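In this note's numbering, the protein residues as written are 2 to 455.
The block underneath contains the structure these notes are about, expressed in structure tokens.
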């Protein structure tokens, strides 16, 4: 990350949670230090080709000490839930007491260092250096300067410090590395800014082209404002400014904090190599500019590579304005789609039948409709003959009237799935056969009599 983050800063110039989130959300890392040791000579350059040890799926940006909504108890809960929390601080050795490894700064010089909160002690007495706080209580901090510094690399920051926790962030989850996965994105540098129509409820749209036969399994985006409602949808077509062919949606999601959010789709979306697909995100935050965007700021994000013909914005979700390229709106949107190659995807079970309302002993033909290329099928037919099957497309009949469940379990080397369709088959009794006899002997009055017999 120190050399491959992509921003303008040199390896020893520091960082922030925006830089880290951009690097991690595009799946450039994290990389094992055994593969890429953390050394920062002035001429350090990015070395690519390393395999990430995992993927970081999400990030949360908590209110800092100067923000509305800051609450130390929320930070403490995050430490208990996730273990390590990022924060920044102002460090000057004049404010450090190395005899008890406590620190307290009461100035206003801004922040210049990033550290990790790993715990707290409400009763800790902080003496500090040239200034001393008025009350007890301190955050337990892991520094990045090695085990020979501080108390085996740790120290204490007073709760009263005026710069510590100006920014607070954590990464709540990770997913396993998968060499057959891909993240579709244009925002290499993440959400550098925000755009919109000053109405607090705006849309972004991006176009992607599938690199292989894949399944879209997850969608993601940055969120700028606490409490934003986010909806991400995938469409098959965008022609004449009109989206059509809805393929999947996250539904409406409420984002408690700013950060980066991902949502798994209930049903993966199959896409074919070279096919285009469109991802629309709606951001309803109540703030003027709710749409996260990448932008080239001097001395910070000038490495941005702007797209042409792939990003649009809208105030209503139906009338679209292109951005990027030569439009004069020099932004890329921060909407991502996560996919896996079909051959490497776990299956998702589904099936159909040629008829779901049948009579006793009528044959029903079942068809596997699972995605993800399963190689094993186990069918269960309540009350049916046969009662189970391992065939791809079995045939079944029922000997008694009633309603019956059908279950299909599928698996392959990547995983398994099961679906039960309750009361899927309705079986009725066979109709009664009737014979009709005409009595036409009395032709004088032309009365016809019918006698029914089984």
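From the three backbone atoms N, C-alpha and C, an ideal C-beta is built for every residue, glycine too.
Being a predicted model, the structure only gives us computed values, none of them experimental.
Alpha carbon to alpha carbon, how far is residue j from residue i? Give it in angstroms, no decimals.
i: residue 296; j: residue 133; result: 42 Å
i: residue 281; j: residue 404; result: 41 Å
i: residue 432; j: residue 351; result: 32 Å
i: residue 6; j: residue 82; result: 27 Å
i: residue 327; j: residue 311; result: 12 Å
i: residue 453; j: residue 399; result: The predicted position of residue 453 is uncertain, since its pLDDT is 49 and thus under 50; a value taken from the coordinates is nonetheless stated next. Answer to the nearest angstrom: the Cα atoms are 29 Å apart.
i: residue 195; j: residue 126; result: 42 Å
i: residue 451; j: residue 361; result: Reliability fails at residue 451, whose pLDDT of 49 lies under 50, so the model's placement of it is uncertain and the value that follows must be treated cautiously. Computed Cα separation, rounded: 29 Å.
i: residue 190; j: residue 169; result: 19 Å
i: residue 249; j: residue 293; result: 22 Å
i: residue 455; j: residue 371; result: Residue placement at residue 455 cannot be trusted, given a pLDDT of 46 that sits under 50; what the coordinates show is reported in the next sentence. Going by the C-alpha atoms only, they are around 46 Å apart.
i: residue 266; j: residue 332; result: 27 Å
i: residue 188; j: residue 324; result: 13 Å
i: residue 141; j: residue 285; result: 37 Å
i: residue 138; j: residue 80; result: 16 Å
i: residue 317; j: residue 84; result: 41 Å
i: residue 414; j: residue 379; result: 15 Å
i: residue 66; j: residue 90; result: 11 Å
i: residue 2; j: residue 410; result: 42 Å
i: residue 17; j: residue 241; result: 41 Å
i: residue 304; j: residue 8; result: 6 Å
i: residue 29; j: residue 19; result: 14 Å
i: residue 193; j: residue 12; result: 19 Å
i: residue 365; j: residue 355; result: 6 Å
i: residue 315; j: residue 322; result: 6 Å
i: residue 14; j: residue 201; result: 35 Å
i: residue 393; j: residue 420; result: 15 Å
i: residue 320; j: residue 244; result: 10 Å
i: residue 444; j: residue 357; result: No answer about residue 444 holds up, because its pLDDT of 49 lies below 50 and its placement is not dependable.
i: residue 346; j: residue 217; result: 10 Å
i: residue 229; j: residue 95; result: 42 Å
i: residue 109; j: residue 163; result: 7 Å
Is there at least one non-hydrogen atom of the ligand SAH closer than 7 Å to the beta-carbon of residue i?
i: residue 245; result: Because no ligand of any kind appears in the structure shown, any question about the ligand SAH cannot be addressed here.
Which residue marks the beginning of the beta strand (DSSP E) containing residue i, and which one marks its end?
i: residue 143; result: 139-143
i: residue 203; result: 202-210
i: residue 94; result: Counting along the chain, residue 94 falls outside any beta strand (DSSP E), and DSSP gives it neither H nor E.
i: residue 1; result: Because the chain in this structure spans residues 2 to 455, residue 1 falls outside the shown range and cannot be described.
i: residue 102; result: Note, residue 102: premise wrong, no beta strand (DSSP E); not H, not E.
i: residue 422; result: 416-429
i: residue 278; result: 277-285
i: residue 410; result: 403-413
i: residue 114; result: 114-122
i: residue 152; result: Note, residue 152: premise wrong, no beta strand (DSSP E); not H, not E.
i: residue 322; result: 322-324
i: residue 312; result: 312-315
i: residue 269; result: 260-272
i: residue 170; result: 169-171
i: residue 194; result: 194-196
i: residue 295; result: 292-295
i: residue 239; result: 229-240
i: residue 1; result: As shown, the chain starts at 2 and ends at 455. That puts residue 1 outside it, with no answer to give.
i: residue 185; result: 182-185
i: residue 246; result: 243-250
i: residue 398; result: 396-399
i: residue 255; result: 254-256
Taking the alpha helix (DSSP H) that residue i belongs to, which residues open and close that run?
i: residue 217; result: Counting along the chain, residue 217 falls outside any alpha helix (DSSP H), though it belongs to the beta strand (DSSP E) covering 215-224.
i: residue 76; result: 73-83
How many whole angstroms separate the CB atoms of residue i and residue j, which I take to be in contact at a CB cut-off of 8 Å?
i: residue 337; j: residue 185; result: 6 Å
i: residue 406; j: residue 383; result: 4 Å
i: residue 367; j: residue 395; result: 5 Å
i: residue 88; j: residue 165; result: 6 Å
i: residue 226; j: residue 288; result: 5 Å
i: residue 117; j: residue 143; result: 4 Å
i: residue 388; j: residue 428; result: With a Cβ gap of about 14 Å, residue 388 and residue 428 do not count as contacting.
i: residue 98; j: residue 130; result: 6 Å
i: residue 56; j: residue 175; result: 6 Å
i: residue 359; j: residue 270; result: Residue 359 to residue 270, Cβ: 33 Å. No contact.
i: residue 36; j: residue 24; result: In fact, because the Cβ distance is near 16 Å, the residues do not count as touching under 8 Å.
i: residue 197; j: residue 291; result: 5 Å
Would you call the stretch 259-274 in contact with the stretch 200-208, where contact means no fewer than 3 C-beta pairs closer than 8 Å? These segments do not touch.
Using 8 Å as the cut-off, can you tell me whether the stretch 331-344 makes contact with the stretch 172-185, which would need three or more C-beta pairs spanning the two stretches below that distance? yes
Using 8 Å as the Cβ pair cut-off and three pairs as the minimum, do the stretch 254-267 and the stretch 362-378 touch? By the Cβ rule, the stretch 254-267 does not count as touching the stretch 362-378, because fewer than three pairs are nearer than 8 Å.
Spell out a yes or no on whether the stretch 44-64 and the stretch 261-271 are touching, meaning 3 or more CB-CB pairs, one atom from each, closer than 8 Å. yes
Quick one: complete alpha helix (DSSP H) runs, 4+ long, within the stretch 329-384? If we require 4 residues or more, the stretch 329-384 turns out to have no alpha helix (DSSP H) run fully inside it.
Does the count of Cβ pairs from the stretch 157-170 and the stretch 102-112 closer than 8 Å reach three? yes
For the stretch 10-67, list the alpha helix (DSSP H) runs that are entirely contained and at least 4 residues long, ordered along the chain. You should have 18-26.
Is there contact here, the stretch 305-321 with the stretch 226-234, by at least three beta-carbon pairs under 8 Å? no
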